[in-house]
Amino acid sequence: MDIESKQRISRWYFGGVASSMAAMVTHPLDLMKVLIQTNKEKMPIMQTTQKIVKEQGFLALYNGITASILRQYTYTLARFGFYTVGSGMVDTKPMSTKVALAGLSGYVGGLIGAPADLVNVRLQNDVKLPVDQRRNYAHAIDGLVRVVREEGWPSLFNGASMCALRGAFMTVGQIAFYEQSKDLLIAGGFAQRMDTYIIASIISAIAATALTQPIDVIKTRQMNSAPGEYSGLTDCALKTAKEGPMAFFKGSIPAITRLGPHTVLLFLCLEFLRNNFGKLPDDR
1 MDIESKQRIS RWYFGGVASS MAAMVTHPLD LMKVLIQTNK EKMPIMQTTQ KIVKEQGFLA
61 LYNGITASIL RQYTYTLARF GFYTVGSGMV DTKPMSTKVA LAGLSGYVGG LIGAPADLVN
121 VRLQNDVKLP VDQRRNYAHA IDGLVRVVRE EGWPSLFNGA SMCALRGAFM TVGQIAFYEQ
181 SKDLLIAGGF AQRMDTYIIA SIISAIAATA LTQPIDVIKT RQMNSAPGEY SGLTDCALKT
241 AKEGPMAFFK GSIPAITRLG PHTVLLFLCL EFLRNNFGKL PDDR
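In terms of full-length UniProt numbering, the sequence shown opens at residue 1 and continues consecutively.
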């Protein structure tokens, strides 16, 4: 299947729409990643999946899907939106410019999406907790309201600095590496079609995973922590380090297993939206 480029430009909100479409497919993999990262015992991804399905049913794999979608329409929409708007103001042909713009866009997007990310982690982690220890948020909005009511509104931004840092590295890995890889492939003779987009998105998924995994582990643990468990990011990092250096790479396999398909689907959806619904360069 060929997707011929019509030289259209993405609209600022296409990233959020495309990411939400991808999240509907890859959410169970994201759930497994969170469970492995927050579990102090080693358990393979297949064993974790079988345990959840056996004890709670298949739909438990979609626990937290409302928060995941909310996260796409805050965090991902913001970082892709800022990058899209910014790319119309600066020359993004050099890789250095792509990296700088992507890093800034991801940092801002991470701050904006921190509350949704926090609720997303907590909803997903509920499936492995004993019944009496679960937070039992009904959905994402209920989670946000209860966090404010029970812990105070600043708790919504628990781990926000790590969200912003992770967002910066994730966006560099995803957008900057994707755009650069696609540019190089096209310059090398590839057409603007599906196989080109897939190759570029796989490269970006590998780069994003390598850049963000240690940050992701700390962010996930801090967001899921009980009040007073960690005094700050440094304390969280030090306590994680006591488990050994590989603790920072817990969940790497489910992370790339999830991020790979998610990134491929995200950019295929994004290119579809751009080619069919994007604006022409001379549109105002």
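Here a beta-carbon is modelled for each residue, glycine too, at the ideal position from N, C-alpha and C.
Pick from the options: whose alpha carbon is nearest that of residue i?
i	options	result
Phe177	Asn158, Ser231, Ile206	Ile206
Asp126	Val172, Ile112, Gly113, Gly143	Gly143
Leu259	Ala23, Arg11, Val145	Ala23
Pro115	Ala102, Ala160, Gly81	Ala160
Gly86	Lys98, Pro94, Tyr75, Asn276	Lys98
Asn63	Leu129, Ile112, Thr74, Val108	Leu129
Gly57	Thr74, Pro28, Thr76	Pro28
Gly167	Asp30, Leu77, Lys279	Leu77
Phe14	Gln72, Val108, Leu238, Gly152	Gln72
Val172	Leu211, Gly88, Arg134, Leu280	Leu211
Pro261	Ala200, Pro281, Gly109, Gly88	Ala200
Gly109	Thr84, Val131, Met89, Val90	Thr84
Thr263	Glu179, Leu101, Met95, Phe82	Glu179
For residue i, list the residues DSSP reports as bridge partners.
i	result
Ile9	Lys279
Once the 5 residues before and after residue i are set aside, which same chain residues still bring their CB inside 8 angstroms of it?
i	result
Ile45	Met32, Ile36, Ile253, Pro254, Thr257
Leu156	Ala114, Pro115, Leu118, Leu144, Val147, Val148
Could you compute how far the alpha carbon of residue i sits from the alpha carbon of residue j?
i	j	result
Ser105	Gly251	26 angstroms
Ala226	Arg149	16 angstroms
Phe277	Tyr230	46 angstroms
Arg221	Cys236	8 angstroms
Phe80	Leu123	25 angstroms
Arg11	Ile175	15 angstroms
Leu238	Asn158	18 angstroms
Met136	Ile203	The sequence as given places Asn at residue 136; Met does not occur at that position. Their backbone Cα atoms lie some 38 angstroms apart in a straight line.
Lys242	Met170	26 angstroms
residue 341	Asp30	The structure shown does not extend to residue 341, since the chain is modelled only from 1 through 284, so no value can be given for it.
Thr234	Asp132	30 angstroms
Thr240	Thr209	19 angstroms
Tyr107	Ala187	30 angstroms
For residue i, is the classification buried or exposed, using 16 other Cβ atoms within 10 angstroms of its Cβ as the cut-off for buried?
i	result
Ala164	buried
Pro154	exposed
Ala191	exposed
Asp195	exposed
Leu70	buried
Met246	exposed
Gly103	buried
Sorted by chain position, which residues of the same chain lie with C-beta nearer than 6 angstroms to residue i's C-beta, five sequence neighbours on each side aside?
i	result
Phe248	Pro214, Val217
Ile52	Ala60, Val127
Thr66	His139, Ala140
Leu266	Ala18, Ser19, Ala22
Lys112	Before going further, note that residue 112 is Ile rather than Lys in the sequence given. Cβ neighbours of Ile112 beyond the five flanking positions: Thr74, Ala78.
If I measure Cβ to Cβ from residue i and keep anything under 7 angstroms in the same chain, skipping five residues before and after, which residues do I get?
i	result
Cys269	Ala18, Met21, Ala22
Asn224	Thr38, Val121, Arg122, Asn125
Thr48	Met32, Leu35, Ile36
Val90	Thr97, Leu101
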